Each structure stands twice: as C-alpha cells, then as structure tokens.
Amino acid sequence: MEKILQVQTHSCDETIKFASQFGKTLHGGDVLLLNGDLGAGKTHFVKGLALALGITDTVTSPTFALHNVYYGRLTLNHFDFYRVEDSAEVEMLGLAEFFYDKNAVCAIEWSENVKDLLPRNCTVVDIRKTGDETRCITISKQTGETV
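Residue numbering for the sequence shown follows our numbering, beginning at -16 and increasing consecutively.
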C-alpha cells in the first residue's frame, strides 16, 4: 500500500472540509474504503465528499439501510457493512455490482466484511480518533493487492 497523504483535523467541520477538498480529485469508478472505529468520523468524511460532488441532499449513515445513493456531478454510493456478517449477503442483495460502476464513486464503511468482493485498486481512508475532536486521516492507494 502506498501512502499518499496524512492530515490532522481538529473538528467535524475540518474533517468535512478536508474531505470536500479531497473529493474534488475523485473520478467515476473510484472506490474508497473508509476505516475507523465507531464514531471516528467516517460519515462526516462522506458528507465532505458529497459537497465536492455537488450533492445537496443530507448525508446520513446507511447503517440500517446498508446503502444510500446520492446524485451530483457523480453518483455517490455510500455503504455501511458494519452489520454484515459475510459477503454472501451483499452479493445476494446485488450491492457488489455498484463497486464496479465507472460512473459513480463508492464510499464503503466496514469494507473488511466484504473484502473478497472489492476491486483490487481502491483508495483507503483511515480515520483515527486522536482526541475528543481530533482525527488523523491517512489516505493510501492499494496497488493491486487484496484488502
């Protein structure tokens, strides 16, 4: 894995702002794997991506729905697989096909639960809580290896 960038944010607003700047670099077919503990800020990061993509809808966590879709400059598919026990469930629901959509961006929370379904070249966004409001965000690019 090749580390591209590491930043520290000091509030939810800073996390959203950073993600919005990063989101401007995204293209159709990009798949982001969002890693971090519960409450780390993964959904806040997706809110910033949505801003960059011109999405005006309210972004919420798809924990219970598994998948939320938002329309803007590019479609944003936001997944949360926290409650998924294995990838067969995701495959059965037909959600894996979204990971390969060249006209959309995918942001996947808890991707380790579906790692065998993911494309090989994904961008990993690791969000670590380092204080009450402080986050360390590391962005890395997979170079063909599995997750």
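Note that CB positions come from ideal geometry on N, CA and C, so glycine has one too.
Please read these numbers as outputs of a predicted model, since none were measured by experiment.
When C-alpha distances from L9 are compared across V88, S94, C105, the shortest belongs to V88. Here A71 is exposed. Its C-beta has fewer than 16 other C-beta atoms within 10 Å. The three-state reading of DSSP puts L15 in strand, counting E and B together. Its chain contains F64, Y65 as the residues whose beta carbon lies nearer than 6 Å to that of W93, once the 5 sequence neighbours on both sides are disregarded; these appear in chain order. In this structure, T43 lies near N51, with their beta-carbon atoms less than 8 Å apart. Around the CB of A48, fewer than 16 other CB atoms lie within 10 Å, so the residue is classed as exposed.
Along the stretch -5 to 68, the beta strand (DSSP E) occurs as fully enclosed runs of 3 or more residues at 14 to 18, 50 to 53, 58 to 63, listed in sequence order. Between the C-alpha atoms of T106 and T(-2) there is a straight-line separation of about 17 Å. In this structure, DSSP gives D99 a helical state, which the three-state scheme calls helix. T117 sits close to H(-7), with the two beta carbons spaced by under 8 Å.
It is roughly 14 Å from the alpha-carbon of A23 to the alpha-carbon of A2. Secondary-structure assignment with DSSP links L(-12) through a beta bridge to I122. Per DSSP, E72 is one residue of the alpha helix (DSSP H) stretching across 70 to 75. For E92, the three-state secondary structure derived from DSSP is strand.
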